[in-house]
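Asks:
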Amino acid sequence: MDGPVEGRVEQEISWLLDRARIRELTARYNRCFDDGDPDGYADTFTEDGVMEVAGGPSTSGRNDLAEMCRKIPWGVMHVTVDATVDVDGDSAKQHVALVVIRRAGRPQDKPQITSTGRYEDDLVRTPDGWRFARRRCTLDGWVEK
Amino acid sequence: MDGPVEGRVEQEISWLLDRARIRELTARYNRCFDDGDPDGYADTFTEDGVMEVAGGPSTSGRNDLAEMCRKIPWGVMHVTVDATVDVDGDSAKQHVALVVIRRAGRPQDKPQITSTGRYEDDLVRTPDGWRFARRRCTLDGWVEK
Amino acid sequence: MDGPVEGRVEQEISWLLDRARIRELTARYNRCFDDGDPDGYADTFTEDGVMEVAGGPSTSGRNDLAEMCRKIPWGVMHVTVDATVDVDGDSAKQHVALVVIRRAGRPQDKPQITSTGRYEDDLVRTPDGWRFARRRCTLDGWVEK
Chain D
1 MDGPVEGRVE QEISWLLDRA RIRELTARYN RCFDDGDPDG YADTFTEDGV MEVAGGPSTS
61 GRNDLAEMCR KIPWGVMHVT VDATVDVDGD SAKQHVALVV IRRAGRPQDK PQITSTGRYE
121 DDLVRTPDGW RFARRRCTLD GWVEK
Chain V
1001 MDGPVEGRVE QEISWLLDRA RIRELTARYN RCFDDGDPDG YADTFTEDGV MEVAGGPSTS
1061 GRNDLAEMCR KIPWGVMHVT VDATVDVDGD SAKQHVALVV IRRAGRPQDK PQITSTGRYE
1121 DDLVRTPDGW RFARRRCTLD GWVEK
Chain Z
2001 MDGPVEGRVE QEISWLLDRA RIRELTARYN RCFDDGDPDG YADTFTEDGV MEVAGGPSTS
2061 GRNDLAEMCR KIPWGVMHVT VDATVDVDGD SAKQHVALVV IRRAGRPQDK PQITSTGRYE
2121 DDLVRTPDGW RFARRRCTLD GWVEK
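Chains as they are written, first to last, in this note's numbering: chain D, 1 to 145; chain V, 1001 to 1145; chain Z, 2001 to 2145.
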């Protein structure tokens, strides 16, 4: 059970599990934010977790993260795609692309993409599962290219 | 092989496999519907499977599902992202976000997002693999917010 | 270790690992192309890999692939979703949907979808991991429907 071959397979299975759990954590982040669940949103971070928008605001700690989520009016949809996840023991890094869509609130409205960008995430394994220690979001067009 | 640790690992590997199979089933649902394969589309459901649009039509059984698919003209692209999957024995629930895009049929046309929404899916494990027992789709904007 | 049950489980775990690696390879393809890393882009292919656009250009070999990437101006975002992956030994096929978005370069710009399509990919397992042997991309609207 401890030979080099078995050890490598176990490590790869661990990566698969961690990767899937981190992808689902990210899905919950999106859904909680977009459907108005501030506590669920804050719970995707560690107690002192940080959400930083490059060139924009930075928010620290679950209380402030929940408050920030509470203030955003309905209508945002976060889509995250094309992730890579690297795990090192109880730490992980995720790089994932972001598309933000304006949802239609009425039948006559049309949804549209409002921004694109990237997340660079630092995650930690906690007794409750993976949590974001820090998310850094870079949005295209915030600074001239 | 039956100790608590090994049992948990096996359970997590089972979840990984079920999750990946359900994600691929959902991909086939999208592709069959969008590329005009009514029988392939109907086969992603159980024999008596139900597709329900909240506030809209409900379609039951493979024959009617295939017929519904057959009537839709070319031009729809279903994109599903940010899924969470919970498995309980031979049943599963998937929550997944939806973006519907109008595909360009001619070089001068531009694709555009026509709607966003959510699927809440009930799935069952069959001898042929996972199938949708019931999909419930909620589209943004069908009812005023 | 070689019984029919254990063999099947090992095969399914292998598929899970191969599928996740191929999904991450595809994510790197998108990110390298979109963020201007021609060598990283070319490295997602085998040395003699081919990128073919149905009804459009075909590019072969890492040198030409890197050169093609180098010439594309900033502003493209590849989004790939709803993949199915079939593995046969050291070969694999991926079918994955594509959405191409025009990124905003300035605060006053709005991103928009410029095309949708499909990739049909042939991959091979190399000592450095999975690589694209051939990608064939079909874009909607290039030929009248």
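Every residue gets a Cβ at the ideal spot worked out from N, C-alpha and C, and that includes glycine.
It should be emphasised that the depicted structure is a prediction, and the values quoted were computed from it without experimental measurement.
Helix, strand or coil: how does DSSP classify Lys71 (chain D) here?
Replies: helix
Asks: Would you tell me roughly how many angstroms separate the C-alpha atoms of Pro2107 (chain Z) and Leu139 (chain D), rounded to the nearest one?
Replies: Using only the alpha carbons, I get a separation of about 10 Å.
Asks: Which residues, taken in chain order from the region 1003 to 1024 of chain V, show a beta carbon closer than 7 Å to some beta carbon of chain D?
Replies: Glu1012, Ile1013, Leu1016, Arg1019
Asks: Name the two residues that bound the continuous beta strand (DSSP E) containing Ala1042 (chain V).
Replies: Here Ala1042 (chain V) belongs to no beta strand (DSSP E); instead the alpha helix (DSSP H) covers 1038 to 1042.
Asks: What distance in whole Å lies between the Cβ atoms of Val1099 (chain V) and Thr1116 (chain V), which are believed to be in contact at a cut-off of 8 Å?
Replies: 6 Å
Asks: Excluding the five sequence neighbours on either side, which residues of its own chain have a C-beta within less than 6 Å of the C-beta of Glu1067 (chain V), listed in chain order?
Replies: none
Asks: Helix, strand or coil for Ala2027 (chain Z)? Go by DSSP, reduced to three states.
Replies: helix
Asks: Taking contact to mean at least 3 C-beta pairs separated by less than 8 Å, is the region 1122 to 1136 of chain V in contact with the region 2083 to 2096 of chain Z?
Replies: Output reads no: the region 2083 to 2096 of chain Z does not touch the region 1122 to 1136 of chain V.
Asks: Could you name the residues of chain Z that Ser115 (chain D) contacts, counting a contact when the two beta carbons are closer than 8 Å?
Replies: Ala2104, Pro2111
Asks: Check whether the Cβ of Gly1075 (chain V) lies closer than 8 Å to any Cβ atom in chain D.
Replies: no
Asks: Counting only Cβ pairs nearer than 7 Å, list the residues of chain A close to Arg1028 (chain V).
Replies: Although the question refers to chain A, the structure presented lacks it and instead comprises the protein chains D, V and Z.
Asks: Do you know offhand how far Ile2103 (chain Z)'s Cα is from Val2081 (chain Z)'s?
Replies: In the sequence as presented, Ile is not what sits at residue 2103 (chain Z); that position holds Arg. About 18 Å.
Asks: Which one of V:Val1053, V:Asp1037, V:Lys1110 has the shortest CA to CA distance from Gly1141 (chain V)?
Replies: V:Val1053
Asks: Using a Cβ cut-off of 8 Å (strictly closer), state whether Asp140 (chain D) contacts chain Z.
Replies: yes
Asks: By DSSP's criteria, Thr2084 (chain Z) is part of a beta bridge. Which residues make up the other side?
Replies: Z:His2095
Asks: Ordered along the chain, which non-local residues of its own chain (more than five positions away) have a Cβ less than 8 Å from that of Asp2018 (chain Z)?
Replies: Val2085, Val2087, Ala2092, Arg2125, Trp2130
Asks: Since Trp1074 (chain V) and Gly1049 (chain V) should fall inside the 8 Å C-beta cutoff, what is the C-beta to C-beta distance between them, to a whole number of angstroms?
Replies: Contact doesn't hold; Cβ gap of about 24 Å is too wide.
Asks: Within 10 angstroms of its Cβ, does Arg1023 (chain V) collect 16 or more other Cβ (buried), or is it exposed?
Replies: buried
Asks: Are there 16 or more other CB atoms within 10 angstroms of the CB of Asp2002 (chain Z), so buried, or fewer, so exposed?
Replies: With a pLDDT of 46 at Asp2002 (chain Z), under the threshold of 50, the modelled position of that residue is not reliable, and the figure given next carries that caveat. With fewer than 16 Cβ atoms within 10 Å of its Cβ, Asp2002 (chain Z) is classed as exposed.
Asks: Quick check: Gly40 (chain D) and Arg28 (chain D), are their CB atoms within less than 8 Å of each other?
Replies: Taking 8 Å as the Cβ cut-off, Gly40 (chain D) and Arg28 (chain D) qualify as a contacting pair.
Asks: Check whether chain V comes within 8 Å of Arg125 (chain D), counting only Cβ atoms and requiring the distance to be less than that.
Replies: no
Asks: Report buried or exposed for Ile72 (chain D), applying the criterion of at least 16 other Cβ atoms within 10 angstroms of its Cβ.
Replies: With fewer than 16 neighbouring CB atoms inside 10 Å of its own CB, Ile72 (chain D) falls in the exposed class.
Asks: On a CA-only basis, which of V:Gly1056, V:Pro1057, V:Arg1062 is nearest Phe1045 (chain V)? Give me that one, please.
Replies: V:Arg1062
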